[in-house]
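Below is one structure, written out as structure tokens, with a few remarks after it.
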Amino acid sequence: MSENRTSSTTGAGCLDRAAWADVVHGHYDRVFRTAMARTNCRALAEEVAQETFIRAWQKYHLFDGRGSLAGWLHRIAVNLSCDALRRERLHDHRCLGEARQNAGGELRPPDVVHRDHCCRVLREALNDIPESMRRAFEYTVIMGYSYREAADIEGVPEGTIASRVARARNTLLQRYRRLDA
368 MSENRTSSTT GAGCLDRAAW ADVVHGHYDR VFRTAMARTN CRALAEEVAQ ETFIRAWQKY
428 HLFDGRGSLA GWLHRIAVNL SCDALRRERL HDHRCLGEAR QNAGGELRPP DVVHRDHCCR
488 VLREALNDIP ESMRRAFEYT VIMGYSYREA ADIEGVPEGT IASRVARARN TLLQRYRRLD
548 A
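If you read the sequence shown in this note's numbering, its first letter stands for residue 368, the second for the next number, and so on.
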């Protein structure tokens, strides 16, 4: 969805419902992925995504348009994810129930175990690189933002995002090669 559609307002910077529906449809997947990456819990991520759009609708009059709408929604989702994690103390009963349900007391297929191991190794490796590189990598590679969108979110030039992503990839590749050796 083009952000140009958001110029359809009913006054005082408020979007009409049709334009807001376009915003939600155009940005929901990214907002959800952001929340999921932050919370690692589907139920919590769904709540955060919904609350992100509720808050954005209520506060749209405060959006000044200097940054991108995607960046503004991203920031709301990140902040709400942090709030949710504080409330839930990282391991909400719903997530534990989800894990128990997925485990089901049965042996897990090797591909699921391997995928979980790879995700854990990647998360550990990402946690070991500098914060700015990690965020640039997560925004572009994991969450699917363009370099321009990531630059808007971070408030840096697009070239800075590109170099941070390249350095993050090189660092992760070196770590992978050490593990593989």
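A virtual CB, placed ideally from N, CA and C, is assigned to each residue, including glycine.
- Taking the CA atoms as reference points, L429 sits about 11 angstroms from R422.
- Counting along the chain, the unbroken alpha helix (DSSP H) around D389 starts and ends at R384 to T406.
- A518 sits buried, since 16 or more C-beta atoms from the chains shown fall within 10 Å of its C-beta.
- By the CB criterion at 8 angstroms, E521 and R502 fall inside the cutoff.
- With contacts defined by Cβ atoms closer than 8 angstroms, T401 and A451 do not form a contacting pair.
- Around the C-beta of C408, 16 or more other C-beta atoms lie within 10 Å, and the residue is accordingly described as buried.
- Assignment of F420 by DSSP, reduced to helix, strand and coil, places it in the helix class.
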